[in-house]
Each structure stands twice: as structure tokens, then as C-alpha cells.
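So this is what it looks like as C-alpha cells:
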């Protein structure tokens, strides 16, 4: 995983209620593993917390850990999802990674997770 950066958490202030936290990272950068050129995009994180919420400063440092890393869009989006789910164990989470056009092609990768114990709406 990209992270030597630890995601900090805090207790969900309303664990008995389903609600959505939406966070956008509009300056996500990584490097194309084929060309070595920089990739730019926005990563949107939507989740319904269970016991814990993600602290934003640590999330910022985690996202910055991709800056000089060669990784495909699809791998980055899925790796972010896997790592954040592992850290905070949400009821559900969706990652939308929208990358700026290169060569006239833009790409959006959407991946999600739903806890086996969650029976609400996502």
C-alpha cells in the first residue's frame, strides 16, 4: 500500500444514526507508470461511518503519499478504498476518482464497499 502515513480516526459523534460524510480531494496527483508523466484528478470519498470517522489532516497526508508514485488510475482508486475501509470500518464507502483528460481522454473510476452487517441504504 502507498501509505506509511497512518490515518487518524475519531469517535463517530452519532453512531446510532446513518449519515453521509463527503470529502473531496481536488488536487490528487500520481504518476503514470508507463510514461512517468504526472496524473491529476479529484478523488471523492463518500461514506457512512460506523464507530469511527476519518480525521482530515491525516487523510490529506495519506493522499499526498501518491504524489510521486507510479500507479494506474484503477489501482489507485481501489487501493484508497481498501485502505480507508481497513482503517475506519465504515458501514459503506464509495470512492470516485475523476482524472483530468490526457490525449483527449478523461477517466473516472468508481468503487464501493458495503459492510456485511449494514442493511440500510447506500
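In the numbering used here, the protein residues as written are 6 to 127.
C-beta atoms are modelled at their ideal positions from N, C-alpha and C, and glycine is treated no differently.
A quick note: this is a predicted structure, and the numbers were derived from the prediction, not measured.
The Cβ-Cβ distance between residue 33 and residue 46 falls below 8 Å. Checking the DSSP bridge columns, you'll see residue 61 has no partner listed.
Boundaries for residue 93: no beta strand (DSSP E) harbours it, while the alpha helix (DSSP H) harbouring it runs 78 to 93, taken from the DSSP string. The distance from the Cβ of residue 53 to that of residue 25 is about 6 Å, consistent with a contact at the 8 Å cut-off. Looking at the DSSP output, residue 47 sits in a beta bridge with 103.
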